[in-house]
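Q: The structure is given below, and queries will be raised subsequently.
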Amino acid sequence: MIPSRKILVVMLAVAGAAGFVMAFGGLADGPAERSGAVSRSGAIDAPAQQARTTAPLLPVTEWTGTGMTAQEAIDAHASATDGPEQPIPFNHRFHVREIGMQCAYCHGGVESSAIAPIPPVELCMGCHRIVGAQLEPVQELRGYWDRGEPIPWERVYKVPDFVQFPHEAHIRNELDCAECHGPVEDMDRVSKATSLSMGWCLECHMGEGQETDYATDRLLARDFTSPPTPEGRQSVGLYPRAIDQNYGATRGPIDCTACHY
Amino acid sequence: MNNGDTKRNGMDTSRRDFLKVLGVAGAGAATVSCGPPDVGDKLIPYLVPPEDIVPGTNVTYSTVLSEAGPEPLGVHAAVRDGRVIKLEGNPAFPNRGALSALAQSTLQDLYDPDRVPGPREKVDGDWTEATWEAAVQAAATAVGSGLTLLLTPPATGSAAAFYAEWAAAMGAEWVAWEPLGHEAMQAANEIAFGRPEVPAYDLAAADHVVSFGADFLATWLAPVELAGSYAEARDVDGREPAKLTFVGPRLSLTGTNADAWLPARSGSEASLALALAREVAERRGGGPAARVQSILAPFTADAVAEASGVPAERIRALGEEIAAARSPVALPPDVSGQGVYATEVHLAVAILNYVAGAIGTTVRFNDTPVLGDAASYADMRALATRMRAGEFRTVVTAGVNPAYALPAASGFAAALADVPNHISLSTRLDETASTANWLLPSSHELESWGDVELRPGTYGLRQPVMRPVFDVRQREDILLAMAAAIGRDMGVESYGEYLQAAWREAAGADFEAWWHAALSEGAVVTRPAAAAAEAAEAAPPLSAAAANYPFTLPEPPDDGTVLVLYPTAQFYDGRGANRRWMQELPDAVTKAVWSSWVEMHPSTAEPLGVENGDVVEVSTAAGTVRAPAFVYRGIRPDAIGIPLGQGHTEFGRTATGVGVNPLELLDGTADPRSGALAYSGAPVDLTAPGGRDRMPIMQGSDTDLDREIGELLRVDTALAMAQAHQVDLTELVEAAWDSDPNSPYRWGMSIDLNACNGCGACVTACYAENNVPTVGKDLCDQGREMSWMQIMRYYEETEDDGFQTVHVPVLCQQCGDAPCEPVCPVYATYHTPEGLNAQVYNRCVGTRYCANNCPYKVRRFNWYTYEDPYPLNLQLNPDVTVRQKGVMEKCTFCVQRINRAKLDAKAEGRPVEDGEVVTACMQTCPTQAIRFGNLKDPGSEVSRAAKGSRGYGLMAELNTRPAVTYLKAVTYAPVAEGGHGAGGADHGGEEH
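What follows is the structure in structure tokens.
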């Protein structure tokens, strides 16, 4: 069993319901919603930003719309064939290119978390209480909200459980979301744009640009007679180039334990 | 027999069947390629995001646990996406950031699949689901009809006031009780000093600790706090460490850490303490000596030598040492020394402390720990009598398990069964709850509000760190609902409100801000007014009653064997028994798991013809138990030792049927003065009925076979070496074949064996942090345990024909030149540029060559896929891969924590600082024996520790260049130091 991710999803669902009670329930029922958080070292974190429940102004970007209407966006999602069909025909192209929303507006927290959070239903409702209320998908959204149910979105990207992928490190290094997720601003329905294979990861991490299956490469190059010295290992290609220092470097680490532990 | 099996699809498919199935399915299977599985999973967002929470990151909450062991413990609970995944000590509390193994395993109590999932009614002997409304109404009606008893654990702070108020409002009687209480000590201190209290012991200031059987490093009073302060006193760097002398019939975990053992006969502790007091008084003189001179006069060393079994010259020598000590302290016995005259023993030890000048210095009566009022064993027996007499129509039990923890001879369980209404607020269906009519399950401490008074005026605040796992409610809220249901208004809607009201006065004007700050800033708060009122005399005078107490000289012993019962660090009073981590944590003395045992001296075992694992039958007038023998030099020939806490009949799937409950051997005699139960001292008959019982012992050899794995130094040698010798770390850091000169880090660890006492907290913390599976008794028996850390217990002979014990935590040594690496055909284990010996699970194909080539035997192979039933799996750390069948695993110095620190540092454009990476084992260690950090930084704590003259590498002669440096333990015992003496540290091929 490698259950961790699935459990996380279940936990999110449970915690989602908890969050609802936390916002509206009494003190004795609510978990520690008033308590502060302390960091690992025991020091006190700065008060966490509480902005995500009070919707900030929509960010304006340089996107230029194509004049797509909301109904066209809904139909385009429904007729698209790539990627899984979502419970609500949410059109990324419409929201990003036509309206000009930034990724982190909905997927906030990606800059400080290993995962890119899926927006809470409340965030959708921040606009859709008013905007597009007559549209059928928005009414479906409203139904989830009124029933107090989170929306069971279909997963598009998944790394295996034995891979620890930190989103925040990639965001901090100013990688564009599109580097891995493709031109989402042009997708009516999001589909997987990249393979997420290890060789694909290493294209960036090794900085060579060549398509290579690193694991196979090393296996094939295995030289059982070389002594296990740094030189020897380099001669069989285990360390193909100087190891990055893990800080101040532009490329990511290529050490196995950077992702596998 | 409960084997605690967790393996999935294990033995039920034979290899041949498997191959048959494979043949059929092969074609289909071939189309399934490697790589990430299908993306069909769901992504479930929050409906409304909780503030302060970023999905996928940990939020840490401060809280306090009072039922996680003998002492209240401040914790930081790491919560990931609404679930607690790790507990760490809160440095603001007396436990100073450390936790015991038992406290670490509290998570397995929280996520215990055997917790009662919701209210239940017993209908025709079967539990049926009920609604909370019906349950509360039924309970309230029963309570409201009068003659009600409320039975809880001892409560302090707001809870104590609440229970009293509730009892008053409901016309009920409230009794607080816990097993393994301190009634004898309290009674003795009342006689001696007019203070029925447990004093504060300041071991850090002591230079000679004499323990009369108190297992203060594992189970007695406040083991986490005391282990920490004793480790301070024991520090050998630049000073003479404190000496520990253990007096008693059996070497407990604390006893194995002692420099000297006076193997006193069970029951002779009082006279021995008085004889020591007499020796000290003679040498020290002064006022205290004069006051007690008359009662001490008969207790000459010669007079008690025979009764105690300790030679007179050893008594005199110890008396002389105590008299010469600058700051000695004597610790009274725990239950292993609690016989029929328990109060006398405590009183005698108090008198010894008095004449030794310890009262007011190392034994203080101000700022004493607050334990809360508790009924004694005799009180509970009296309650049983009253229950039988029909004085109670309804009993409400909450958080106590008297049906298990009181001997049957007390009659309590039988009397409780006859009470018409028994309402249990237990979290689980234990021996007591299973006899109830209604079950209204309480929430766990981690799901509850509350406060705990630690010292007079100093409180810890408890807050729920997550929503309840099951349909349960807070204990106090259930009681409130019961009161409301029959119209007894207590003025508050919930216990949270009650708690806040209790603190409103202390908070001042802005309560909300104060409350928020109090909870976030470590959760320790004070009430200055109360603190002033409680300021008490540190050294109250000895009373006339004590100074003239009619002690009598002991009777000469008969030839019989006596029973010694003792709690263990794993189970304490039995509460840890349903936690798989505790069942699989080897006992510090026997190294056995999933078992009970009978410890006996070789000279007792020989005439019976038994060896380890042979069944012995132990009988007293009250009962008989059968358990496997464990032959142990650390127990007197006229005593046998049996651990408490096992042998549950109803407690959950893990605990039930494992081991025996030795309370069956007790006839329920109580100490007449304090009402304390006589746990020890009963005469027993031993027979060997034949046959063996499985008792997996997780250590192959009792000695290190002179391979210098567990190293002991004499104190004077250590002090001399400290002057003479410092180790050059260059070799350790740079000479490793694989080290990368460009890497800024070489991660390393130091383990100070002089601080380590073998308690096992690190082992359990590692289970929690690294998703280490438990395997059950069968596989433990086959040596297939999965623990990444093991504490080896080695005996070393001393020149006076005794032995010393050294506890050696062994984990992956992260060798600079690792034998496991070159033999891996797939490079699944390899050397990282930072010196880690990495293990890539997804690359491993399970050849097990690495484990075979590892000289330390620290690699663990997943022979099966191990599963924990829901909701235990909610505890899994999402930062660590859950391994599956066919994969090798081992310690990687908590590489997930290293990577986290590196990410944080990189975000700020700086290197990782010293102290930023704290491994799980290091974090929880009560004695701070473990240091971790960057060996390339000469100023790092680990570098400084590893440089010390006591440092050595485990089996370094193999040229493995381990990254773990052990610091030799020191002892005052005359150990043989071999031929290599002051040569000191060696990390590479030095001659031996």
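Residue numbers (my numbering), protein chains in the order written: chain A, 5 to 265; chain B, 275 to 1266. We treat Cβ as the ideally placed atom computed from N, Cα and C, and that holds for glycine. If you're wondering where the values come from, they're calculated on a predicted model, not measured in any experiment.
1. Which residues of chain B have a Cβ atom closer than 8 angstroms to the Cβ of residue 260 of chain A, listed in chain order?
2. To the nearest angstrom, report how far apart residue 216 of chain A and residue 1141 of chain B are at their CA atoms.
3. Who are the neighbours of residue 1181 of chain B on chain A, taking C-beta pairs under 7 angstroms?
4. Can you name the residues of chain A whose CB is closer than 7 angstroms to the CB of residue 1154 of chain B?
5. Report yes or no: do three or more beta-carbon pairs, one from the segment 1054 to 1062 of chain B and one from the segment 515 to 526 of chain B, lie closer than 8 angstroms?
6. On the CB-based measure, 16 or more other CB atoms within 10 Å of its CB, does residue 703 of chain B come out buried or exposed?
7. Would you tell me roughly how many angstroms separate the C-alpha atoms of residue 847 of chain B and residue 376 of chain B, rounded to the nearest one?
8. Excluding sequence positions up to five away, which residues of its chain have a Cβ less than 7 angstroms from the Cβ of residue 1077 of chain B?
9. With distances taken from CA atoms, which of B:968, B:1030, B:1111 and B:1034 is nearest residue 1054 of chain B?
10. Can you tell me where the beta strand (DSSP E) with residue 1064 of chain B in it begins and where it stops?
11. Let me know if residue 839 of chain B comes out buried or exposed under the rule of 16 or more other beta-carbons within 10 Å of its beta-carbon.
12. I want to verify the contact list: residues of chain B whose CB lies under 8 angstroms from the CB of residue 125 of chain A, in sequence order.
13. Would you say residue 166 of chain A lies against chain B (beta-carbon separation less than 9 angstroms)?
14. Counting along the chain, where does the alpha helix (DSSP H) carrying residue 465 of chain B start and finish?
15. With a floor of 3 residues, list each beta strand (DSSP E) that falls wholly inside the segment 580 to 613 of chain B, ordered by position along the chain.
16. Name the chain B residues whose beta carbon is nearer than 7 angstroms to that of residue 97 of chain A?
17. Using a Cβ cut-off of 9 angstroms, which residues of the segment 132 to 159 of chain A contact any Cβ in chain B, in chain order?
18. Can you list, in chain order, the residues of its chain whose CB lies under 6 angstroms from that of residue 250 of chain B, leaving out five sequence neighbours each side?
19. Cβ of residue 118 of chain A less than 9 angstroms from any chain B Cβ?
20. What does DSSP give as the partner residues of residue 261 of chain A in its beta bridges?
21. Straight-line CA distance for residue 1089 of chain B to residue 1100 of chain B?
22. Which value, in whole angstroms, describes the spacing of the CA atoms of residue 70 of chain A and residue 136 of chain A?
23. Would you say residue 699 of chain B reaches chain A, if we count a Cβ-Cβ gap shorter than 9 angstroms as a contact?
24. Closest Cβ-Cβ distance between residue 316 of chain B and chain A: below 9 angstroms?
25. From the DSSP output, in three-state form, read off residue 84 of chain A for me.
26. Mind listing the chain A neighbours of residue 331 of chain B? Cutoff is C-beta to C-beta under 7 angstroms, in chain order.
27. What does DSSP give as the partner residue(s) for residue 917 of chain B in the beta ladder?
28. Thinking just about the alpha-carbon of each residue, which of B:364, B:500, B:541 and B:362 is nearest to the one in residue 344 of chain B?
29. Any beta carbon of chain B sitting closer than 9 angstroms to that of residue 108 of chain A?
30. For chain A, is any of its Cβ atoms less than 9 angstroms away from the one on residue 1166 of chain B?
31. Can you list the beta strand (DSSP E) stretches of 3 or more residues lying completely in the segment 931 to 997 of chain B, in chain order?
32. Measuring alpha carbon to alpha carbon, tell me which residue in B:1236, B:916, B:932 and B:641 is nearest residue 923 of chain B.
33. With a cut-off of 8 angstroms on the beta carbons, I'd call residue 467 of chain B and residue 547 of chain B a contact; round off their distance for me.
34. Determine the direct distance from the alpha carbon of residue 1041 of chain B to that of residue 1047 of chain B, and round the result to whole angstroms.
35. Can you give me the Cβ contacts of residue 1157 of chain B inside the same chain, cut-off strictly under 7 angstroms, excluding the 5 residues immediately before and after it?
A: Once the coordinates are examined:
1. Identification of chain B residues near residue 260 of chain A by a Cβ-Cβ cut-off of 8 angstroms yields 1104, 1106, 1112, 1114 and 1117, ordered along the chain.
2. No answer about residue 216 of chain A holds up, because its pLDDT of 38 lies below 50 and its placement is not dependable.
3. Under the 7 angstroms cutoff, chain A gives 176.
4. What residue 1154 of chain B touches in chain A: 265.
5. The way I'd put it, the segment 1054 to 1062 of chain B doesn't touch the segment 515 to 526 of chain B; fewer than three beta-carbon pairs between them come closer than 8 angstroms.
6. Classification for residue 703 of chain B: buried.
7. For residue 847 of chain B and residue 376 of chain B, the gap between their C-alpha atoms comes out near 11 angstroms.
8. Same-chain partners within the cutoff: 907, 1069, 1070 and 1071.
9. Residue 1054 of chain B has its Cα closest to that of B:968, out of B:968, B:1030, B:1111 and B:1034.
10. 1064 to 1071 is the span of the beta strand (DSSP E), which, as asked, contains residue 1064 of chain B.
11. Classification for residue 839 of chain B: buried.
12. The contacting residues are 319, 320, 321 and 322.
13. Against chain B, the CB of residue 166 of chain A has a partner CB under 9 angstroms away; the residue lies at that interface.
14. 457 to 467 is the span of the alpha helix (DSSP H), which, as asked, contains residue 465 of chain B.
15. Residue ranges of uninterrupted beta strand (DSSP E) with 3 or more members, entirely inside the segment 580 to 613 of chain B and ordered along the chain, are 602 to 605.
16. What residue 97 of chain A touches in chain B: nothing, since even the nearest Cβ is about 19 angstroms away.
17. Answer set for the segment 132 to 159 of chain A: 148, 149, 152, 153, 154, 155, 156, 157, 158 and 159.
18. The structure shown does not extend to residue 250 of chain B, since chain B is modelled only from 275 to 1266, so the question has no answer here.
19. For residue 118 of chain A, a Cβ of chain B is located within less than 9 angstroms of the residue's own Cβ.
20. The bridge partners DSSP lists for residue 261 of chain A come to none.
21. One C-alpha to the other measures close to 19 angstroms.
22. Straight-line spacing of the CA atoms in residue 70 of chain A and residue 136 of chain A works out to 19 angstroms.
23. It does not: the Cβ of residue 699 of chain B has no partner Cβ on chain A nearer than 9 angstroms.
24. Put simply, the CB of residue 316 of chain B is near chain A, with a gap under 9 angstroms to one of its CB atoms.
25. In the three-state scheme derived from DSSP, where H, G and I count as helix and E and B as strand, residue 84 of chain A is classed as coil.
26. Within 7 angstroms Cβ-Cβ: 116 and 117.
27. For residue 917 of chain B, which the question treats as bridged, DSSP gives the partners B:840.
28. Closest by C-alpha distance to residue 344 of chain B, out of B:364, B:500, B:541 and B:362, is B:500.
29. Taking 9 angstroms as the threshold, the shortest C-beta distance from residue 108 of chain A to chain B does not fall below it.
30. Chain A, which has a Cβ nearer than 9 angstroms to the Cβ of residue 1166 of chain B, makes this yes.
31. Within the segment 931 to 997 of chain B, the complete beta strand (DSSP E) segments at least 3 residues long are 957 to 961 and 986 to 988, listed from N- to C-terminus.
32. When each option's Cα is compared against that of residue 923 of chain B, the closest is B:932.
33. So it is not a contact: roughly 16 angstroms between Cβ atoms.
34. One C-alpha to the other measures close to 7 angstroms.
35. Hits under 7 angstroms: 1115, 1136 and 1163.
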